[in-house]
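Going down the list, the sequences are from chains R and B.
So the first sequence is numbered by this note's numbering: it starts at 1 and just counts up by one.
So the second sequence is numbered by this note's numbering: it starts at 282 and just counts up by one.
Each residue gets a CB set at the ideal place from its N, CA and C atoms; glycine is no exception.
As structure tokens, the structure follows; a few thoughts come after it.
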Amino acid sequence: MDTINSILSGHEPDFEIIIVDDGSTDSFNKMMNEKFLSNPKIKIIRQENKERGAARNNGFKNSTGDYVVFFDSDDIMHPDHLEVLQRKIIIENYPDFIATKFVLQRKNKIIPSDLAKLHEGYYDYRLFLNGNPLACNICVKRTNPKLKLFEEDRKYAIKEDWMFMLQNLVSNKLFLVDKVTVTMNDHENRSMRSDQKQIIEKTFLAFEWIKKNVALNSHDLKSLLAHVNYFSAIHSYIDFKRVNALRYLWNAIRIKGLKKKYLVLAAKIIIGKKFISKIAS
Amino acid sequence: MSLPKISIITPSFNQGKFLEETIQSVISQDYPNLEYIVIDGGSADNSVEVIKKYESHLHFWTSEKDRGQSHAINKGFQKASGEIISWLNSDDLYLKDALVNAAGVFKKNPEAALIHGKTILFGNKKKETEKGAEDFDLQLRYFSMMPYAQPSSFFRRKVLDEQGLLDETLHFGMDYDLLIRIALNYKIEKTELLFSKYRLHEESKTMSQLEDFAVDWAKIFSKFLRTIDKEKKWIKLLESINFYREGNDTYRASRVFEEKEMKIIFLYFLEYQLHIYYDMLDFPVANKIIMLMKDIDKSFFKERNLGAIDRRVKNLNPFIVRFLRKISR
């Protein structure tokens with residue numbers, strides 16, 4: 001609700017909002033209808049519960065704009081978000097992909113995202129070899145003939161953003177705007193943080209998918225595999241699986257050699273998360 | 282040496298207290314091939330008396346109600362037969378030998394359709410200062426604004442024959458409109474010579490007119506964009522701050538612009554507008570212009586040293602700025 005109000009409160013150009021209701025409860029449906037059904041800018045599409053990828057594709061197919069902004073239901077658009085995008089789209093002569101920067105809100109604290117230090121300009125798939133710093137704060141040209149939509153298979157859920165970025169940005173470029181226009185909620189129960197074992201499995205699944213569907217050279221694939229192992233090491237560590245963590249980390253080191261961030265993680269694993277959180281508290 | 286015929290037109294309306302000095306500054310040039318025309322808009326003050334006093338030096342004069350300054354100047358243009366033409370407003374002055382010097386510059390630059398030199402700003406109890414067009418990006422800035430003072434410019438009559446008379450719907454920006462037509466089709470020559478004195482009026486009067494100027498300039502620049510911005514990129518950007526003025530008219534143009542050049546022209550136009558809206562203390566509009574300039578090119582914004590305006594617009598109350606301006610005067 002806050003998300004949609006944040007979009008409506010902007011005073012920007014011509015836009016439509018497509019809400020894809022991915023199998024919400026009846027009471028929620030009723031509330032949505034009451035609040036938004038009379039607004040001509042808003043279209044509500046209902047689908048039986050599938051997955052984010054399918055919901056986004058469904059929304060995309062029902063859109064009519066020159067550009068489509070994917071926007072998740074727990075994020076907040078600043079009033080100038082669409083205006084900034086529109087203006088930069090014109091200035092940059094209609095790029096295929098464009099994104100602004102965002103900040104994370106954790107409880108009452110605002111934290112910069114990994115994008116903060118990046119310069120404004122064009123980026124390609126290499127920005128995503130170490131994970132997805134953009135989350136899904138992305139705006140795409142609807143008429144781009146090379147655009148590939150999101151993977152809908154549920155087994156890749158939560159990784160479809162990353163796969164989408166890599167698959168599309170091998171043959172397109174992304175323009176990153178150096179302006180913060182979105183606040184993302186970084187709450188504890190965010191789907192990313194639930195089950196560590198599942199997250200690790202999905203990351204490896206996603207890697208296999210990328211290997212098959214995205215034409216990356218062997219050097220890039222190596223970097224990607226190192227990242228997948230490093231990422232899995234972190235999540236094993238969070239899950240108190242120290243042996244697994246060391247094994248994944250060792251894989252990463254074998255692929256990429258010693259890196260500072262690997263050593264830092266190695267030290268943390270050896271000391272143990274319990275001990276570290278004890279000191280920290 | 283044969284000197285070309287120069288036609289000077291003075292449009293006048295209720296500026297009797299300045300008019301005599303203006304007329305004298307033209308007559309005292311002693312230019313042998315001068316055609317001087319005064320077009321009064323039916324002044325209610327002593328203007329007609331002054332004009333009659335110098336009647337014998339004038340080729341033509343009239344005093345009747347007209348549709349504004351550009352209409353008056355056009356009436357003069359239609360009477361003018363000189364090879365070189367300009368107009369001198371009834372409160373500005375020519376400096377000694379301005380006309381013979383202008384003729385000399387044209388002779389040396391047969392290709393040039395317009396020449397412009399320096400002026401001396403005077404009046405309003407301020408120290409007199411020399412001012413001319415600065416060189417940076419000048420060939421592009423001709424499309425963004427008036428980089429020189431109009432009384433220090435002269436043009437060849439073929440400009441009027443080929444491009445038409447002044448646009449009479451414009452009451453403030455007709456000189457900028459003419460400049461664009463010339464810059465789109467001919468060569469312009471800049472000289473370091475001093476031609477005129479440009480009178481500054483009381484701040485209050487200038488302030489009240491600033492917005493009229495800004496509106497005219499936006500209208501003219503919109504027409505310029507319609508002429509050359511086929512992709513409508515810059516039109517859309519101007520629209521995004523509500524500065525674009527719809528219309529169907531375009532200029533006749535014999536040149537095209539690269540994207541890079543368009544960007545520079547556009548940014549200078551915005552910079553000029555920013556200064557006007559800042560002077561008018563309209564901070565919300567000034568801020569919109571600043572945002573657009575930064576979105577287009579942050580480095581231009583820095584290079585032009587606009588940071589100070591940016592900070593004041595963001596952090597200060599307009600009334601404080603007005604107060605500071607008053608006490609610093």
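Item, Value
"Taking the C-alpha atoms as reference points, what is the distance between H338 (chain B) and L419 (chain B)?", "37 angstroms"
"Name, going along the chain, the residues of the region 64 to 97 of chain R whose beta-carbon falls closer than 9 angstroms to a beta-carbon of chain B.", "D80, E83, V84, Q86, R87, K88, I90, I91 and N93"
"In whole angstroms, give me the CA-to-CA distance for F60 (chain R) and D80 (chain R).", "22 angstroms"
"Of all the options B:N598, B:P599, B:P313 and B:Y423, which has the alpha carbon lying nearest to the alpha carbon of L380 (chain B)?", "B:P313"
"Going along chain R in order, which residues have a C-beta closer than 8 angstroms to the C-beta of D576 (chain B)?", "V84, R87, K88 and I91"
"Is the region 175 to 182 of chain R touching the region 148 to 155 of chain R, taking contact as three or more C-beta pairs under 8 angstroms?", "no"
"Looking at L402 (chain B) and L481 (chain B), is the spacing between their C-beta atoms short of 7 angstroms?", "yes"
"Could you tell me whether any Cβ in chain R is nearer than 7 angstroms to the Cβ of S580 (chain B)?", "no"
"Would you say S503 (chain B) reaches chain R, if we count a Cβ-Cβ gap shorter than 7 angstroms as a contact?", "no"
"For D448 (chain B), collect the residues of the same chain with a Cβ closer than 7 angstroms to its Cβ; drop the 5 residues on either side in sequence, then sort them by chain order.", "S351, M455 and D458"
"Return the Cβ separation of F604 (chain B) and M426 (chain B) in integer angstroms, given the expectation that the two are a contact with Cβ distance under 8 angstroms.", "With 8 angstroms as the limit, F604 (chain B) and M426 (chain B) do not qualify as a contact, their Cβ atoms being about 29 angstroms apart."
"Starting from M77 (chain R), trace the beta strand (DSSP E) both ways and give me its first and last residue.", "D75 to M77"
"Can you give the Cα-Cα distance for A267 (chain R) and K583 (chain B), rounded to whole angstroms?", "45 angstroms"
"Since S344 (chain B) and G323 (chain B) are thought to touch, with beta carbons under 8 angstroms apart, how far apart are those beta carbons, to the nearest angstrom?", "6 angstroms"
"Measure the C-alpha to C-alpha separation of I18 (chain R) and I44 (chain R) and round it to an integer number of angstroms.", "6 angstroms"
"What's the C-alpha gap between R254 (chain R) and E92 (chain R)?", "41 angstroms"
"Return the residue from the list B:D416, B:A353, B:K514 and B:L555 that minimises the CA-CA distance to E540 (chain B).", "B:K514"
"State buried or exposed for Q490 (chain B), treating a residue as buried only when at least 16 other CB atoms are found within 10 Å of its CB.", "exposed"
"Given this structure, state the Cα-to-Cα distance separating T531 (chain B) from G53 (chain R), to the nearest angstrom.", "49 angstroms"
"For Y122 (chain R), count neighbouring Cβ atoms within 10 angstroms of its own Cβ and tell me buried if that reaches 16, exposed if not.", "exposed"
"Could you check what DSSP says for R592 (chain B) in three-state terms: helix, strand or coil?", "helix"
"Under 7 angstroms between the Cβ atoms of I366 (chain B) and T472 (chain B)?", "no"
"Would you check if the region 585 to 594 of chain B and the region 562 to 571 of chain B touch, i.e. whether three or more CB-CB distances between them fall below 8 angstroms?", "yes"
"Classify F275 (chain R) as buried or exposed, calling it buried when 16 or more other Cβ atoms lie within 10 Å of its own Cβ.", "exposed"
"Bridge partners for A393 (chain B) per DSSP, in chain order?", "B:K468"
"Tell me whether R46 (chain R) sits in a helix, a strand or coil according to DSSP, three-state version.", "strand"
"Beta-carbon within less than 7 angstroms of R46 (chain R)'s beta-carbon, same chain only, minus the 5 sequence neighbours each way: which residues are those?", "D21"
"Does S503 (chain B) pass the burial test, meaning 16 or more other C-beta atoms within 10 Å, or should it be called exposed?", "buried"
"Given this structure, state the Cα-to-Cα distance separating D186 (chain R) from K222 (chain R), to the nearest angstrom.", "30 angstroms"
"Could one say the Cβ of S521 (chain B) lies closer than 7 angstroms to chain R's Cβ atoms, at least one of them?", "yes"
"Interface residues of chain R around K517 (chain B) at Cβ under 7 angstroms?", "I90"
"So, are the CB atoms of E364 (chain B) and R438 (chain B) less than 7 angstroms apart?", "yes"
"Taking C-beta pairs closer than 9 angstroms, name the residues in chain R that K658 (chain B) reaches, listed in chain order.", "In the structure as shown, chain B starts at 282 and stops at 610, and residue 658 (chain B) therefore has no counterpart that could be examined."
"Where do the ends of the alpha helix (DSSP H) carrying R52 (chain R) lie?", "R52 to K61"
"Would you check if there are 3 or more beta carbon pairs closer than 8 angstroms linking the region 243 to 258 of chain R to the region 283 to 296 of chain B?", "no"
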